[in-house]
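Residue numbers (our numbering): 324 to 633. Backbone N, C-alpha and C fix where the C-beta goes; we use that ideal spot for every residue, glycine too. For reference, the structure discussed in these notes is given below.
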């Protein structure tokens with residue numbers, strides 16, 4: 324079983340414009356809303372790939388049944404803990420003329436220590452030896468930076484595989500518990516190392532040192548348009564992106580994380596997991612908003628992956 328944690332869900336609102344003009348009225352070409360957040364996206368992709376998945380998450384009284392409906396539509400089983408407040412809205416403004424996106428993210432509603440403890444108890448009571456736990460996304464307001472670290476330590480005590488995809492202090496803290504897999508993107512790695520990484524070749528020694536210093540077993544480093552790099556103690560493999568038409572870029576990293584975890588849980592090698600992750604990412608950017616690609620679309624692209632070993 325793969326358990327996914329969704330502590331800070333949101334509504335992704337995507338607005339597409341021909342050209343964004345400052346101090347001017349802008350006419351919208353397309354607008355769409357998706358209930359999501361990183362945990363929701365990961366769980367949906369896992370379900371699309373045929374994984375046995377269940378989601379733990381917070382839901383909010385101020386936006387009733389939004390997450391429940393999204394999960395039901397995606398056929399993802401979930402155990403949700405209700406909290407006061409409303410879902411935050413992440414606004415994404417897509418400028419077609421510049422081929423860029425402006426992202427404006429709201430702060431989450433605060434979550435009380437009681438609710439955080441309730442979530443910890445719920446997650447840990449669900450885990451069985453050999454399960455996967457995916458800790459992904461930002462922490463809600465009120466959660467300590469070490470929240471993921473605590474869950475990782477206790478999940479390891481139960482004999483579970485832990486994947487972590489977070490940023491900033493939450494990432495620095497969870498690294499102290501040596502998760503089995505982390506998936507930093509370029510921005511997250513830059514903040515972690517406090518330096519720019521301009522290429523795969525430059526990233527390699529830093530990722531290998533990170534493995535050695537932290538005890539993490541594998542790092543899947545996503546590099547946007549370039550592709551992704553998987554580094555373990557025994558190997559390093561880079562998989563370039565697949566040339567596909569792009570309709571939306573958000574959710575691509577979540578699709579990658581889901582596919583990598585699915586492949587590893589299925590007993591596949593780190594290299595094969597990376598290829599499935601890149602295929603899932605590329606299949607997802609072919610869709611608008613933060614839609615997750617179907618499993619068939621992902622597997623069709625898999626044959627076009629060309630991994631490079633270092």
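For residue 367, the number of other beta carbons within 10 angstroms of its own is at least 16, and it is reported as buried. The stretch 369–386 makes contact with the stretch 401–416; the number of CB pairs closer than 8 Å reaches 3 or more. Taken in chain order, the unbroken stretches of alpha helix (DSSP H) that lie wholly in the stretch 486–541 and span 4 residues or more are 491–498, 509–516, 523–537. In terms of Cβ geometry, residue 606 and residue 580 do not form a close pair [threshold 7 Å]. Bounds of the beta strand (DSSP E) holding residue 455 are 455–459. Shown here, residue 385 sits in coil according to DSSP, grouped into three states, outside any helix or strand.
For residue 480, the enclosing alpha helix (DSSP H) covers residues 470–480.
For residue 436, the uninterrupted alpha helix (DSSP H) run begins and ends at 436–449, by DSSP. Between the stretch 427–439 and the stretch 337–357, the count of C-beta pairs closer than 8 Å stays below three; the two stretches do not touch. Within a 10 Å sphere around the beta-carbon of residue 448 sit fewer than 16 other beta-carbons, which makes this residue exposed.
The beta carbon of residue 373 is closer than 7 Å to those of 618 in its chain, skipping five residues each way along the sequence. Contact between residue 596 and residue 583 is confirmed by a C-beta separation of about 5 Å, below the 8 Å threshold.
The three-state reading of DSSP puts residue 564 in coil, since its state is none of H, G, I, E or B. Straight through space, the alpha carbons of residue 432 and residue 409 are spaced by roughly 6 Å. In this structure residue 481 touches residue 450 by the C-beta definition: roughly 5 Å separates them, less than 8 Å.
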